[in-house]
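A.B. asks: Just passing along the structure, written as structure tokens.
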Amino acid sequence: PYGAVDQERQSLDVWLPDTGRPAPAVIEFHGGGWQRGGKGDLDAYGGLPRELIRRGYAFVSAGYRLTPRAVFPAQTEDAMKAIRLVRGRAREWNIDASRIALMGASAGAHLALWAGFQEQPERVRCILDFWGLTDFRVISPRLPRGDALTAFFATSPGQYEQPGPELLDAMRRASPIEYVSKSSPPVFIVHVGPADLTGAGDPRISGPNTNVHSAKFGLLLRDRLRQAGVEHQIHIAPDVHERWGGYHALALRFLERYLGRP
470 PYGAVDQERQ SLDVWLPDTG RPAPAVIEFH GGGWQRGGKG DLDAYGGLPR ELIRRGYAFV
530 SAGYRLTPRA VFPAQTEDAM KAIRLVRGRA REWNIDASRI ALMGASAGAH LALWAGFQEQ
590 PERVRCILDF WGLTDFRVIS PRLPRGDALT AFFATSPGQY EQPGPELLDA MRRASPIEYV
650 SKSSPPVFIV HVGPADLTGA GDPRISGPNT NVHSAKFGLL LRDRLRQAGV EHQIHIAPDV
710 HERWGGYHAL ALRFLERYLG RP
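Per my numbering, the sequence shown runs over residues 470 to 731.
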């Protein structure tokens with residue numbers, strides 16, 4: 470456990486390699502629209518967690534408080550607390566605190582990005598973003614799965630579409646894209662979408678075709694990372710689960726580049 474409010478949700482599952490040298494670690498935040506889901510699924514991401522453990526990485530899967538019982542900023546606070554606990558236990562767990570990566574899919578990717586872009590001491594080596602939402606201000610909650618957005622801020626569709634100053638500020642503060650800077654860690658971005666996309670304004674992924682997993686969010690993040698001069702990779706295709714040998718194969722190479730081999 471890392472929190473006192475909801476110890477069932479505010480807890481980590483940890484897999485530690487049996488090794489002499491401190492191991493690099495990957496901290497994962499599960500998906501589920503901040504409404505459902507749970508930690509510890511080693512078969513997620515095409516079995517990427519199992520492969521990380523097999524290769525000798527320390528793997529940490531973090532739970533966090535869910536809506537509607539807890540709303541923003543509870544989830545982002547929990548993500549930061551989870552990272553702090555791992556750093557605080559690094560010596561005990563034989564983890565190299567200077568080699569930590571974050572990853573997640575959907576809502577979990579949002580939390581990985583949000584936490585990874587914060588200031589020290591929570592800075593991490595790199596982030597794996599699998600179809601994460603990066604800006605709450607460019608999507609309507611009336612689109613498919615939009616109820617996750619209104620639940621996250623405890624608001625209504627009408628209020629979300631025409632937010633007052635307080636809600637608009639919360640949407641800004643919850644958006645990972647707001648925290649990108651020249652010192653942000655490298656980001657690996659994956660989305661399902663047309664392979665020939667050139668920008669976030671493409672009508673196939675914007676306007677009424679925006680959804681909570683839209684490639685629009687990846688392209689918006691790519692543009693911001695470019696502006697800040699932050700290293701990144703972005704992979705968008707309709708068959709990302711199979712193309713290139715599976716996106717998780719590319720993710721492993723990205724991790725090795727920034728964390729090194731265990």
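Glycine residues also receive a C-beta, built at the ideal position from the N, C-alpha and C atoms.
Computed from a predicted model, the values in this text were never measured in an experiment.
Determine the direct distance from the alpha carbon of residue 688 to that of residue 694, and round the result to whole angstroms.
C.D. replies: If I take the Cα positions, the gap works out to 10 Å.
A.B. asks: So what does residue 593 bridge to, in DSSP terms?
C.D. replies: Answer is none; residue 593 lacks a bridge partner.
A.B. asks: Less than 8 Å between the beta carbons of residue 735 and residue 658, yes or no?
C.D. replies: A query on residue 735 cannot be resolved here, the shown segment of the chain reaching from 470 to 731 and no further.
A.B. asks: Taking a contact to mean a Cβ-Cβ separation below 8 Å, would you say residue 507 touches residue 499 in this structure?
C.D. replies: Yes.
A.B. asks: Quick check on this structure: which residue in 608, 483, 610 has the alpha carbon closest to the alpha carbon of residue 552?
C.D. replies: 483
A.B. asks: Could you have a look at residue 627 and say whether DSSP puts it in helix, strand or coil?
C.D. replies: helix
A.B. asks: Could you tell me the boundaries of the alpha helix (DSSP H) in which residue 555 lies?
C.D. replies: 543 to 557
A.B. asks: The beta strand (DSSP E) spanning residue 573 covers which residue range?
C.D. replies: 564 to 574
A.B. asks: Would you call residue 588 buried or exposed, if buried means 16 or more other Cβ atoms sit within 10 Å of its Cβ?
C.D. replies: Around the beta carbon of residue 588, fewer than 16 other beta carbons lie within 10 angstroms, which makes this residue exposed.
A.B. asks: Excluding the five sequence neighbours on either side, which residues of its own chain have a C-beta within less than 6 Å of the C-beta of residue 712, listed in chain order?
C.D. replies: Same-chain partners within the cutoff: 706.
A.B. asks: Figure out for me which residue from 554, 699, 684 has the closest Cα to the Cα of residue 575.
C.D. replies: 684
A.B. asks: Could you tell me how far apart the beta carbons of residue 598 and residue 581 are, in whole angstroms, since I believe they sit closer than 8 Å?
C.D. replies: About 7 Å separates the beta carbon of residue 598 from that of residue 581, a gap short enough to meet the 8 Å contact definition.
A.B. asks: Please report the straight-line C-alpha distance between residue 740 and residue 555, rounded to a whole angstrom.
C.D. replies: The displayed coordinates of the chain run from 470 to 731. Any statement about residue 740 would go beyond what the structure contains.
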